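Encoded as structure tokens, the structure appears first; notes follow it.
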Amino acid sequence: MLAPIFLATLTLSCLVRDAVAVPLESRAQNSKKGICFNDIKEVNALGGAISWAYNWDSVGPGLPGGVAYYPMLWSNAADHTNGWTMTPAQAVSAWKQYLQPYAGRVTLVSPAITNGGASWMTAFLNQCTGCTIDVVATHWYDTATNIQYFKNYLTDLHNSTGKDIWLTEFMGTGSTAQQQTFLKNVLPWMDQQPWLLKYAAFGVSGQFANILVDTTGNVTPLGATYYNTN
Numbered sequence: 375m376l377a378p379i380f381l382a383t384l385t386l387s388c389l390v391r392d393a394v395a396v397p398l399e400s401r402a403q404n405s406k407k408g409i410c411f412n413d414i415k416e417v418n419a420l421g422g423a424i425s426w427a428y429n430w431d432s433v434g435p436g437l438p439g440g441v442a443y444y445p446m447l448w449s450n451a452a453d454h455t456n457g458w459t460m461t462p463a464q465a466v467s468a469w470k471q472y473l474q475p476y477a478g479r480v481t482l483v484s485p486a487i488t489n490g491g492a493s494w495m496t497a498f499l500n501q502c503t504g505c506t507i508d509v510v511a512t513h514w515y516d517t518a519t520n521i522q523y524f525k526n527y528l529t530d531l532h533n534s535t536g537k538d539i540w541l542t543e544f545m546g547t548g549s550t551a552q553q554q555t556f557l558k559n560v561l562p563w564m565d566q567q568p569w570l571l572k573y574a575a576f577g578v579s580g581q582f583a584n585i586l587v588d589t590t591g592n593v594t595p596l597g598a599t600y601y602n603t604n
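Our numbering puts the last residue of the sequence shown at 604; the count rises by one with no breaks.
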């Protein structure tokens with residue numbers, strides 16, 4: 375398999391959760407499941423269930439066995455006006471200069487969009503003539519009860535672009551119970567979609583929040599659901 379390089383937006387949406395002792399089941403690492411992280415403790419805690427991770431950087435720390443590090447080349451962000459905004463034309467120029475030379479040598483993943491950026495992606499793909507774009511990347515943030523919207527959005531993005539999808543950040547907001555129900559529903563669904571190749575829950579701890587893993591490296595109840603559900 376070619377090593378991936380991708381450009382992405384950065385959209386933060388965080389909920390603080392208290393950690394308690396939670397059981398983690400013995401299981402094989404899921405080839406699709408990953409995590410975006412800013413502290414190696416997060417990867418160490420979830421390493422038994424995930425197969426890949428990234429930290430919004432082009433270099434990373436040593437990861438647990440069986441967990442691949444995927445580098446990112448920044449594009450400022452794509453469609454998000456409060457993030458690192460870049461027009462489709464600017465992204466095309468950056469792609470041709472920095473990414474296209476790697477075509478055929480690595481898997482090239484598009485700039486990531488938010489779940490409000492489908493039109494941005496359409497414009498980028500239409501304008502990037504002669505570009506090798508192997509996979510389309512996106513984020514998804516919404517309420518945890520909006521499960522059908524989650525499935526519809528990803529399916530529509532796949533159908534409209536004609537490309538396989540990487541969901542490089544996602545989280546449903548709500549109570550812990552609502553978020554656990556969300557994960558128990560969408561994780562098996564994503565594993566069943568042949569065109570959805572990778573997904574990474576937003577699991578950042580530390581300065582932002584305690585979502586899947588707390589600041590001491592303990593898995594939260596929500597993290598245990600992410601770990602245990604296939």
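Note that CB positions come from ideal geometry on N, CA and C, so glycine has one too.
These figures come from a predicted structure and were not determined experimentally.
In angstroms, rounded to a whole number, what distance separates the CA positions of residue i and residue j?
| i | j | result |
| --- | --- | --- |
| residue 499 | residue 540 | 16 Å |
| residue 602 | residue 409 | 14 Å |
| residue 549 | residue 514 | 17 Å |
| residue 441 | residue 433 | 15 Å |
| residue 595 | residue 439 | 24 Å |
| residue 488 | residue 461 | 14 Å |
| residue 516 | residue 576 | 13 Å |
| residue 425 | residue 567 | 17 Å |
Can you name the residues that DSSP bridges to residue i?
| i | result |
| --- | --- |
| residue 513 | 543 |
| residue 593 | 587 |
| residue 573 | 407 and 541 |
| residue 507 | According to DSSP, which records beta bridges pairwise, residue 507 is partnered with nothing at all. |
| residue 487 | 512 |
For residue i, count neighbouring Cβ atoms within 10 angstroms of its own Cβ and tell me buried if that reaches 16, exposed if not.
| i | result |
| --- | --- |
| residue 406 | buried |
| residue 523 | exposed |
| residue 572 | buried |
| residue 463 | exposed |
| residue 551 | exposed |
| residue 562 | exposed |
| residue 533 | exposed |
| residue 588 | buried |
| residue 484 | buried |
Please say whether residue j and residue i have beta carbons closer to each other than 9 Å?
| i | j | result |
| --- | --- | --- |
| residue 555 | residue 598 | no |
| residue 478 | residue 503 | no |
| residue 565 | residue 404 | yes |
| residue 574 | residue 423 | no |
* Whole beta strand (DSSP E) elements within the region 421-478, 3-residue minimum -> Uninterrupted beta strand (DSSP E) stretches at least 3 residues long and entirely within the region 421-478 occur at 426-428, given in chain order.
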